[in-house]
Amino acid sequence: MHEQEVHWRTDGHQLDPTDDIGMLRFEVADLNVIIKAAAAASPLYDDIVAARGLPGGTSVLPLSCFALTDEWTPERLAEGTRFRMYREAPAHVLLDAGFELWPTAVSDENGPDPRNEVHFDLIVAASTDLRLEELGIDQPKQTRANARERLAPAFRRALDLLGDPVDLPG
Numbered sequence: 373m374h375e376q377e378v379h380w381r382t383d384g385h386q387l388d389p390t391d392d393i394g395m396l397r398f399e400v401a402d403l404n405v406i407i408k409a410a411a412a413a414s415p416l417y418d419d420i421v422a423a424r425g426l427p428g429g430t431s432v433l434p435l436s437c438f439a440l441t442d443e444w445t446p447e448r449l450a451e452g453t454r455f456r457m458y459r460e461a462p463a464h465v466l467l468d469a470g471f472e473l474w475p476t477a478v479s480d481e482n483g484p485d486p487r488n489e490v491h492f493d494l495i496v497a498a499s500t501d502l503r504l505e506e507l508g509i510d511q512p513k514q515t516r517a518n519a520r521e522r523l524a525p526a527f528r529r530a531l532d533l534l535g536d537p538v539d540l541p542g
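Residue numbers (this note's numbering): 373 to 542.
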């Protein structure tokens with residue numbers, strides 16, 4: 373089985389700081405689920421973190437997003453997924469708020485994601501002090517809850533910028 377991989381993407385849509393293209397985020401679920409998923413994905417970014425010259429031991433908390441284009445509409449991006457809702461904001465709103473949008477390509481046991489040309493990761497936090505090990509299943513329940521609450525404000529800020537959930541048609 374081929375586990376999930378993430379790579380820096382140099383093809384497809386690239387952003388500039390004033391880009392007003394919409395950025396779409398699926399998975400508008402429970403905040404705790406979003407935090408746990410981002411923390412679980414963090415190690416997949418170690419090579420990118422190193423290549424970007426970030427300090428050793430830096431972890432990132434990514435939220436997968438997609439650039440909206442004439443070809444890549446919310447409906448097309450949702451094809452073959454279970455997603456029925458999304459959030460959307462112009463890229464420059466996220467960039468102006470101090471977030472980074474990394475152009476990334478993801479793959480798993482099924483191969484590369486066909487939406488990679490418009491895939492980005494919204495980096496909610498990047499630090500050598502995220503203490504993601506506190507979210508581990510081997511930690512006491514209260515330690516995990518405290519860690520999620522410590523990280524929650526950054527996620528709330530990102531999700532607030534992405535706006536209220538929107539229903540997909542149909």
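Note that CB positions come from ideal geometry on N, CA and C, so glycine has one too.
Please read these numbers as outputs of a predicted model, since none were measured by experiment.
request  = Grab me the residues of arginine 381's own chain with a C-beta within less than 6 Å of its C-beta, minus the 5 sequence neighbours each way, in chain order.
outcome  = Pro475, Thr476, Ala477
task = Any chance you could list the beta strand (DSSP E) runs of at least 3 consecutive residues sitting entirely within the region 417-474, in chain order?
result = 431-439, 457-462
task = Using beta-carbon positions only, say whether leucine 507 and arginine 516 come within less than 9 Å of one another.
result = yes
key: Cβ-Cβ separation, glutamate 399 to phenylalanine 455 (assumed contact under 8 Å), whole Å   = 7 Å
task = Give the straight-line distance between the Cα atoms of threonine 445 and alanine 469, rounded to the nearest whole angstrom.
result = 25 Å
query = So, are the CB atoms of aspartate 493 and leucine 435 less than 9 Å apart?
reply = yes
task = Label methionine 373 either buried or exposed according to how many other C-beta atoms from any shown protein chain fall within 10 Å of its C-beta, with 16 as the threshold for buried.
result = Unreliable placement is indicated for methionine 373, whose pLDDT of 39 sits below 50; no coordinate value is reported for it.
task = Spell out a yes or no on whether the region 457-467 and the region 382-394 are touching, meaning 3 or more CB-CB pairs, one atom from each, closer than 8 Å.
result = yes
Alanine 410 versus valine 421 - alpha carbon distance = 15 Å
task = Using the DSSP secondary-structure output, state which residues sit across from valine 478 in a beta bridge.
result = Val378
ask   = Which residue's Cα is closest to the Cα of phenylalanine 438: Val378, Tyr417, Leu473?
value = Leu473
query = Who pairs with valine 538 in a beta bridge, going by DSSP?
reply = Tyr458
key: Pair within 9 Å by beta-carbon distance, leucine 504 and leucine 387   = no
ask   = According to DSSP, what are the bridge partners of serine 499?
value = Ser431
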